[in-house]
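Here numbering that gives the first Met the number 0 is used: the first residue of the sequence shown is 0, the next is one more, and so on. Below: one structure, written as structure tokens.
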Amino acid sequence: MSILVTGGTGFIGSHTCVELLEAGYDLVVFDNFANSKPSVIDKIVDITGKGFKFYHADMADKNSLERIFSENDIDCVIHFAGYKAVGESVEKPLMYYQNNITGTLNLLETMSEYNVKRIVFSSSATVYGIPKSVPITEDEPLSVTNPYGRTKLMIEDILRDLYVSDNSWAIILLRYFNPVGGHPSGLLCEDPNGIPNNLMPRILDTAFGKQDKINVFGNDYPTVDGTGVRDYIHVLDLAKGHVKAVERIMRVNDIQAINLGTGRGYSVLELIKTFEEVNNVKVPVEFAPRRPGDVAECYADTRKASEMLGWKAQLGVTEMCRDSYRARLMLEHGSDDK
Ligand code: UFG
């Protein structure tokens, strides 16, 4: 069975490729390296001892997609490719709509032409906007607060319309909460181009002296210690969730949105404290005003993932902090010795 992975050298894509190869699937991967590096390909091969077919291609180029589908017998697609920086999407909305929406339409049209009707889409908890209550179930009303989030919601809507038009499709929309961590080998991790915005990359930058302290956005939220609470999930658990999603779309033709989170929230200060303890490093903090658009608490109701996919996150914040740090050490120093 052959799976096409778009954006397969990115953070979540690369970990998912490892899990899929280890589960015995044949892969065809494409990426344009907009936010990843070619060396990731060799790292996936090193970890798994298995090869796969790779195309340096862009989903904006429909001819490349046609070529990939005509040269391979693809059974299903996992679609990660897309821009994902919230702030950048506010500054460059057209670039986000062009890449994420047009690229996805090209992909779906090509899939239709080649009669490939199974897709797992990389969505996000961002589609819940400002949730009314936690834990968040998949039935929560959907709304978004920025162009990046809107591209995720639009693609969800496109896929829902597609299913209504032809119910022989099998579609899973995976809504990720806050992915962190890295491969335990230290070979794969989040390696964002440019200045990171998310909490874990900033904790890492501070631990490695790239910034002298981390700004904690808001300490007056109605939470355990006043700082924002999120559902951090180890990227390895997320990757395993995709393997389960593939198993389901090969069996059942329907459309499902499914949360991938741990179901447990941690505050900013709890995460930083765990990181310091696990890795024996200091991460100085300074309180700063709330970041516009942030919510106090966001964590998943995970029952649907457990019932429909037989999936549950196994790794906790200790492993998330350990593996994020180890992978960054390897990236900076080529080994995990401090
Ligand atoms: N935070 C800080 N300081 C920082 C960065 C973040 O205090 O320097 C805080 C935020 O205020 C928030 C928490 O850390 O309370 C997590 O912030 P992130 O930016 O890491 O993550 P978000 O929850 O804001 O957003 C993430 C992804 C989005 C995705 C969303 C889904 O970045 O792409 O989760 O809920 F849509």
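Quick reminder that beta carbons are idealized off the backbone N, C-alpha and C, glycines included.
So who's on the other strand from Ile129, going by DSSP bridges?
Answer is none; Ile129 lacks a bridge partner.
Considering only the alpha carbon of each residue, which of Ile46, Thr261 and Lys243 lies closest to Val133?
Thr261
Proximity winner among Val280, Arg325, Gly315 and Lys243, relative to Ile118 (alpha-carbon distances)
Lys243
Helix, strand or coil for Cys297 per DSSP?
strand
Can you tell me whether DSSP reads Gln255 as helix, strand or coil?
strand
For Gly185, count the other beta carbons within 10 Å of its own beta carbon; 16 or more makes it buried, fewer makes it exposed. Which is it?
buried
Where the alpha helix (DSSP H) through Ala238 begins and ends
Val234 to Arg250
Every unbroken beta strand (DSSP E) inside the stretch 75 to 119 [3 residues or more]:
75 to 78
Please say whether Phe51 and Val28 have beta carbons closer to each other than 7 Å?
yes
Less than 7 Å between the C-beta atoms of Asn99 and Thr150, yes or no?
yes
Quick one, which of Arg290, Gly81 and Leu152 has its alpha-carbon nearest Ala256's?
Leu152
Using CA atoms only, rank isn't needed, just tell me which of Glu269, His233 and Lys311 is closest to Pro178.
His233
For a test of your reading of the model: does the CB of Ser142 fall under 6 Å from any non-hydrogen atom of the ligand UFG? Yes or no.
no
Just to confirm the assignment: which complete beta strand (DSSP E) runs, minimum length 3, are found wholly within the stretch 139 to 189?
169 to 175 and 177 to 179
Pro221 versus Cys75: straight-line alpha-carbon distance, rounded
44 Å
Please tell me whether Asp236 and Leu314 are closer than 7 Å, where the distance is taken between their beta carbons.
yes
What residue does the alpha helix (DSSP H) around Asp322 start on, and which one ends it?
Val316 to His332
Please classify Leu187 as buried or exposed, where buried requires at least 16 other C-beta atoms within 10 Å of its C-beta.
buried
In its own chain, which residues sit with a C-beta less than 7 Å from the C-beta of Arg247, not counting the 5 before and 5 after it?
Ile171, Met307 and Leu308
Proximity test, Asp293 beta-carbon vs the ligand UFG heavy atom, cut-off 6 Å
yes
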